[in-house]
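> Mind looking over this structure? Questions follow.
Protein chains: 2
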Amino acid sequence: MSFQIHIGTNVRQSPFFDATVADGVKSFSVYNHMYIPGHFGDPDAEYDRLLNGVVMWDVAAQRQVELIGPDAEALAQILTPRDLTGLKIGQGRYVPICDHDGLMINDPVLLKLADDRIWLSVADSDLHLWAAAIAAERGLNVTVSEPDVSPLAIQGPKATDVAVTLFGNRVKELRPFAFFETLLDDIPMVLARSGWSKQGGFELYLTDGRKGTALWQRVKEAGSPFGIGPGAPNDIERIESGLISYGADMRRQALPADPFEMGFGKMVSLDTHDFIGRAALRRRFDAGVTRQRVGFVVEGACVSSLQRPVVLEQGERVMGMATDLVYSNRVGASIGVGIAETDVTEQSEGLTIALPQGDFPVRLANLPFI
Amino acid sequence: MSFQIHIGTNVRQSPFFDATVADGVKSFSVYNHMYIPGHFGDPDAEYDRLLNGVVMWDVAAQRQVELIGPDAEALAQILTPRDLTGLKIGQGRYVPICDHDGLMINDPVLLKLADDRIWLSVADSDLHLWAAAIAAERGLNVTVSEPDVSPLAIQGPKATDVAVTLFGNRVKELRPFAFFETLLDDIPMVLARSGWSKQGGFELYLTDGRKGTALWQRVKEAGSPFGIGPGAPNDIERIESGLISYGADMRRQALPADPFEMGFGKMVSLDTHDFIGRAALRRRFDAGVTRQRVGFVVEGACVSSLQRPVVLEQGERVMGMATDLVYSNRVGASIGVGIAETDVTEQSEGLTIALPQGDFPVRLANLPFI
């Protein structure tokens with residue numbers, strides 16, 4: 014199946030949109046009401062560069078929710094079960110965010126820019142509305158907005174070479190999720206060691222949307238000696254690496270899940286601070302978790318992608334959902350992720366996946382696959 | 014420019030997805046994290062059917078936010094500036110929804126199913142998160158969820174003939190936005206006289222997602238004698254008719270606007286009830302509205318669509334934004350909508366639009382165009 018995407022004013026264009034079009038983008042998806050590139054015509058080469066070289070991704074659709082004001086940190090701490098104590102300026106942290114039922118509604122990276130200024134680099138849901146509602150209803154002294162900030166990611170083993178070319182040796186000292194504000198000529202940004210892959214790299218959070226094409230060209234030129242090419246967040250690598258995709262692996266409205274089920278139990282700090290969903294998560298914890306995130310290998314089928322979630326079954330009984338599936342050359346099999354009853358994770362004999370091609374046996378596997 | 018859309022598990026499929034694929038859908042967009050058809054290969058014929066015959070649209074992406082419980086009505090009234098007094102079971106109403114700053118975050122149709130059960134049929138933002146946050150923070154006795162409800166629209170002058178064939182003569186008695194719950198064979202739904210066009214018609218809110226293909230086929234068969242065909246919400250007709258598109262004409266994060274600016278002043282009831290944004294809207298009203306929604310005709314250019322908002326200028330001065338633009342055969346010109354300073358609406362001489370093709374003179378026009 015192949016369909017066109019409608020390009021209209023109802024979906025936003027990234028500051029890098031024109032540059033990705035000039036560089037031959039072939040497909041888009043929509044994320045946070047913004048077009049995000051899918052691929053540039055050669056997915057195998059794009060995957061290979063991510064693993065062995067360096068790629069550049071327009072991930073402007075990973076929007077920022079900015080909290081500014083004396084209560085910025087207080088609001089951030091109310092929003093997440095994760096204890097933010099000790100987080101310093103210039104550090105980032107992955108933070109699950111739950112609603113009052115303890116179910117996840119987003120899983121951003123939090124960046125502390127100042128004591129009174131925080132960014133939440135959000136997955137695909139309107140966390141802006143959520144944070145603004147909580148701030149106003151609790152009378153907190155904080156302004157919630159979505160500022161002009163658009164990340165461009167460079168990922169892969171040679172990403173550091175590109176970053177050193179652009180920003181100098183100081184980038185080598187950045188620890189994971191750490192960042193600093195900087196200028197590249199006259200292009201303002203926040204440079205972070207982060208990105209949605211396990212291959213290492215950086216995210217350049219452009220803070221002036223008028224300079225998207227200029228930044229894209231600068232990165233492309235600096236990356237040229239290292240064979241950089243355009244690409245996009247990669248489904249195969251993310252499943253091999255066990256990365257979560259809010260929207261695919263869970264979504265509040267469609268596939269609700271709590272942080273325990275998604276494997277984030279260590280980030281839920283029930284006893285240190287007050288946060289939204291705390292009472293519900295305590296009840297869930299006390300009752301015992303009955304589902305959990307799983308990885309699996311499909312046996313006897315060579316499936317390259319899943320277009321919608323399908324059920325995992327044991328005989329007649331539905332035991333879970335497969336939420337994504339790819340063919341991995343490195344594993345040499347079709348591998349997937351999903352959520353399943355803990356019964357299954359203890360005794361997975363006879364587990365099958367209901368693919369459009371038919372039912373196939375499934376073997377559970379530890380995450381990450383690689 | 015033509016691009017493919019990535020079909021993956023991170024975006025939901027409508028219950029009518031398979032049926033639209035079987036009927037030859039050619040393009041999609043994404044709305045409320047769900048694929049929504051763009052066109053079926055012959056936009057002119059689809060427009061013609063909407064105006065002179067009857068079309069069927071998969072608008073399942075117009076998701077429902079359901080409020081259930083003793084405080085359902087109280088929550089609905091807190092969410093909207095519009096006074097809901099007198100709204101009866103079986104009636105619907107268009108309701109602007111604002112944040113605490115008085116800026117619009119959605120503009121759903123509200124359906125009152127029971128005293129303790131309300132649907133908000135939402136535009137493209139996660140109003141579910143907003144409503145859930147407000148309900149929980151205020152301690153209201155109401156459950157907020159997104160249930161299994163997926164509208165299929167039939168629109169056009171012959172839509173009534175199709176509805177009579179399916180449901181009998183009682184559909185003729187439905188007033189605009191009125192609805193009733195019913196079964197079509199074993200397919201459960203809410204049938205409403207409504208839809209996002211000015212050509213008249215109905216929306217069939219399917220309440221069992223497993224029966225999407227069955228409902229699509231039933232409507233297709235009943236519509237066959239009247240020349241029904243598949244289509245999608247139509248940008249040309251909506252601009253000719255002056256319909257608002259949240260996401261295109263305004264969006265909280267990208268193009269913020271209040272209800273006065275969007276022409277919904279009569280729906281803002283500052284003195285009858287408490288609601289979110291009331292204080293801000295009173296201040297805005299007292300200060301005087303300085304921008305307003307406008308329609309315009311582009312002179313000397315034949316432009317068939319706008320792919321991103323562009324500025325309206327008077328000399329060097331930016332006076333507003335054009336948020337959508339189409340070529341209308343009925344008007345015989347390129348017509349658009351946008352938002353502009355009230356200065357401009359009083360004295361529009363020398364107004365130009367900054368199109369990719371160059372600057373062109375613009376003449377303001379009353380909405381609707383037709």
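Protein chains in written order, with this note's numbering: chain A, 14 to 383; chain B, 14 to 383. Every residue, glycine too, gets a C-beta built ideally from N, C-alpha and C.
(1) Could you check how far apart the C-beta atoms of B:S254 and B:K185 are, in whole angstroms? I think they sit under 8 Å.
(2) In whole angstroms, what is the alpha-carbon distance linking A:I348 and A:S341?
(3) Between which two residues does the beta strand (DSSP E) holding A:Q266 run?
(4) Using a beta-carbon distance below 7 Å, is A:F29 in contact with chain B?
(5) List the DSSP bridge partners of A:M47.
(6) Take A:F273 and list the residues in its own chain whose beta-carbon comes closer than 6 Å to its own, dropping the five residues that flank it on each side.
(7) Report all residues from its chain with a CB closer than 8 Å to the CB of B:T355; omit the five preceding and five following residues, and keep chain order.
(8) Give me the subset of the stretch 278-293 of chain A whose CB atoms are less than 7 Å from a CB atom of chain B, sorted by chain position.
(9) Are there 16 or more other CB atoms within 10 angstroms of the CB of B:A35, so buried, or fewer, so exposed?
(10) Would you mind working out which of A:F53, A:R251, A:F41 and A:H52 sits nearest B:Y48, comparing C-alpha positions?
(11) Measure the C-alpha to C-alpha separation of B:L294 and B:I91 and round it to an integer number of angstroms.
(12) Compute the distance between the beta-carbons of B:V157 and B:L80, then report whether it is under 7 Å.
(13) Can you tell me the Cα-Cα spacing of A:D112 and A:A300, whole angstroms?
(14) Please report how far the alpha carbon of A:K101 lies from the alpha carbon of A:R25, in whole angstroms.
(15) Cβ of B:P322 less than 7 Å from any chain A Cβ?
(16) Answer yes or no: does any C-beta atom of chain A fall closer than 7 Å to that of B:L319?
(17) Below 7 Å between beta carbons: does that hold for A:A245 and A:D337?
(18) Taking A:A136 as the reference, give the member of A:K125, A:I147 and A:V108 with the closest Cα.
(19) When you compare each of B:L228, B:L319, B:G363 and B:R76 to B:E329 by their alpha carbons, which one comes out closest?
(20) Helix, strand or coil for B:P381, going by three-state DSSP, please let me know.
(21) Run through chain A and tell me which residues come within less than 7 Å of B:K39, C-beta to C-beta.
(22) Pair every Cβ in the stretch 148-163 of chain B with every Cβ in the stretch 153-168 of chain A, then say whether three or more of these pairs are closer than 8 Å.
(23) Comparing the C-beta of A:I81 with each C-beta of chain B, is any distance below 7 Å?
(24) For A:S134, which option in A:P238, A:A74, A:N182 and A:A172 has the closest C-alpha, if you only look at C-alpha atoms?
(25) In whole angstroms, what separates the C-alpha of B:A205 from that of A:G290?
(26) Is it the case that the Cβ atoms of B:I366 and B:A335 are separated by a distance below 7 Å?
(27) Name the chain B residues whose beta carbon is nearer than 7 Å to that of A:L380?
(28) What residue range does the alpha helix (DSSP H) around B:P56 cover?
(29) Measure the Cβ-Cβ separation of A:N247 and A:Y44 and say whether it is below 7 Å.
(30) Roughly how many whole angstroms lie between the Cα atoms of A:K224 and A:R188?
(31) What runs of the alpha helix (DSSP H), each 4 residues or longer, lie entirely inside the stretch 197-277 of chain B?
(32) Using the Cα positions of A:P121 and B:F193, report the straight-line distance between them to the nearest angstrom.
(33) So which residues of chain B does A:G51 contact, with C-beta pairs closer than 9 Å?
(34) Look up B:S318 in the DSSP assignment and give the residues it is bridged to.
(35) Is DSSP giving A:T195 helix, strand or coil here?
(36) Quick check: is the beta carbon of B:A149 nearer than 7 Å to any beta carbon in chain A?
Once the coordinates are examined:
(1) In the second sequence, counting from the first residue as 1, residue 254 of chain B sits at position 241. In the second sequence, counting from the first residue as 1, residue 185 of chain B sits at position 172. With 8 Å as the limit, B:S254 and B:K185 do not qualify as a contact, their Cβ atoms being about 23 Å apart.
(2) Here residue 348 of chain A refers to the residue found at position 335 of the first sequence. Here residue 341 of chain A refers to the residue found at position 328 of the first sequence. The straight-line gap from Cα to Cα measures roughly 7 Å.
(3) Start at 1 with the first residue of the first sequence, and residue 266 of chain A comes out as number 253. Here A:Q266 belongs to no beta strand (DSSP E), and DSSP marks it neither H nor E.
(4) Along the first sequence, one-based indexing puts residue 29 of chain A at 16. Using a Cβ-Cβ cut-off of 7 Å, A:F29 does not count as an interface residue toward chain B, since no Cβ of chain B sits closer than that to its own.
(5) Mapped onto the first sequence, residue 47 of chain A falls at position 34. Bridge partners of A:M47: A:R25 and A:Y44.
(6) On the first sequence, residue 273 of chain A is found 260 positions in, with the first residue counted as 1. Sequence-distant Cβ neighbours of A:F273 in its own chain, meaning closer than 6 Å and more than five residues away, are V302.
(7) To locate residue 355 of chain B, count along the second sequence from 1; it is residue 342. Hits under 8 Å: V302, T303, R304 and Q305.
(8) Listed in sequence order: no entries.
(9) For the purposes of this step, residue 35 of chain B is taken as the residue at position 22 of the second sequence. The C-beta of B:A35 has fewer than 16 other C-beta atoms within 10 Å across all chains shown, which makes the residue exposed.
(10) Taking the second sequence and counting its residues from 1, one reaches residue 48 of chain B at position 35. If we check each option's Cα against that of B:Y48, A:F41 comes out closest.
(11) Taking the first residue of the second sequence as 1, we reach residue 294 of chain B at position 281. Taking the first residue of the second sequence as 1, we reach residue 91 of chain B at position 78. In this structure, the CA atom of B:L294 is about 14 Å from the CA atom of B:I91.
(12) Taking the second sequence and counting its residues from 1, the one referred to as residue 157 of chain B is at position 144. Taking the second sequence and counting its residues from 1, the one referred to as residue 80 of chain B is at position 67. Against a cut-off of 7 Å, the Cβ pair of B:L80 and B:V157 comes out as a contact.
(13) What you label residue 112 of chain A is simply residue 99 of the first sequence in a count that begins at 1. What you label residue 300 of chain A is simply residue 287 of the first sequence in a count that begins at 1. One C-alpha to the other measures close to 18 Å.
(14) In the first sequence, the residue the question calls residue 101 of chain A occupies position 88. In the first sequence, the residue the question calls residue 25 of chain A occupies position 12. The C-alpha of A:K101 lies about 33 Å from the C-alpha of A:R25.
(15) The count along the second sequence starts at 1 and reaches residue 322 of chain B at position 309. Yes, because at least one Cβ of chain A sits closer than 7 Å to the Cβ of B:P322.
(16) On the second sequence, residue 319 of chain B is found 306 positions in, with the first residue counted as 1. Chain A places a beta carbon closer than 7 Å to that of B:L319, counting this residue as a contact.
(17) Taking the first sequence and counting its residues from 1, the one referred to as residue 245 of chain A is at position 232. Taking the first sequence and counting its residues from 1, the one referred to as residue 337 of chain A is at position 324. No, the pair does not count as a contact, with Cβ atoms beyond the cut-off.
(18) Indexing the first sequence from 1 puts residue 136 of chain A at position 123. In this structure, A:V108 is the residue among A:K125, A:I147 and A:V108 with its C-alpha nearest to the C-alpha of A:A136.
(19) In the second sequence, counting from the first residue as 1, residue 329 of chain B sits at position 316. Nearest to B:E329 by C-alpha distance, out of B:L228, B:L319, B:G363 and B:R76, is B:G363.
(20) Mapped onto the second sequence, residue 381 of chain B falls at position 368. Shown here, B:P381 sits in coil according to DSSP, grouped into three states, outside any helix or strand.
(21) Indexing the second sequence from 1 puts residue 39 of chain B at position 26. Within 7 Å Cβ-Cβ: F16 and Q17.
(22) Not touching, per the Cβ criterion.
(23) Counted from its first residue, the first sequence places residue 81 of chain A at position 68. Not one chain B Cβ lies under 7 Å of A:I81.
(24) For the purposes of this step, residue 134 of chain A is identified with residue 121 of the first sequence, where counting begins at 1. Selected option, being the one with the closest Cα: A:A74.
(25) To locate residue 205 of chain B, count along the second sequence from 1; it is residue 192. To locate residue 290 of chain A, count along the first sequence from 1; it is residue 277. Answer to the nearest angstrom: the Cα atoms are 37 Å apart.
(26) Locating residue 366 of chain B in the second sequence gives position 353, where the first residue counts as 1. Locating residue 335 of chain B in the second sequence gives position 322, where the first residue counts as 1. Contact: yes.
(27) In the first sequence, residue 380 of chain A corresponds to position 367, counting from 1. Under the 7 Å cutoff, chain B gives no residues; its nearest Cβ is about 17 Å from A:L380.
(28) The count along the second sequence starts at 1 and reaches residue 56 of chain B at position 43. Per DSSP, B:P56 is one residue of the alpha helix (DSSP H) stretching across P56 to N65.
(29) In the first sequence, residue 247 of chain A corresponds to position 234, counting from 1. In the first sequence, residue 44 of chain A corresponds to position 31, counting from 1. Cβ atoms of A:N247 and A:Y44: not closer than 7 Å.
(30) Against the first sequence, residue 224 of chain A aligns to sequence position 211. Against the first sequence, residue 188 of chain A aligns to sequence position 175. Rounded to whole angstroms, A:K224 and A:R188 show a C-alpha spacing of 27 Å.
(31) As far as the stretch 197-277 of chain B is concerned, its whole alpha helix (DSSP H) runs of at least 4 residues are 225-236 and 248-253.
(32) The count along the first sequence starts at 1 and reaches residue 121 of chain A at position 108. The count along the second sequence starts at 1 and reaches residue 193 of chain B at position 180. If I take the Cα positions, the gap works out to 42 Å.
(33) Residue 51 of chain A sits at position 38 when you count from the first residue of the first sequence. Those are F16, Q17, I18, H19 and G21, listed as they occur along chain B.
(34) What you label residue 318 of chain B is simply residue 305 of the second sequence in a count that begins at 1. For B:S318, which the question treats as bridged, DSSP gives the partners B:V339.
(35) Residue numbering aside, residue 195 of chain A sits at position 182 when the first sequence is read from its first letter. Correct three-state label for A:T195: strand.
(36) Residue mapping note: residue 149 of chain B aligns to position 136 of the second sequence, counting from 1. Proximity of B:A149 to chain A, defined by a Cβ-Cβ separation below 7 Å, is satisfied.
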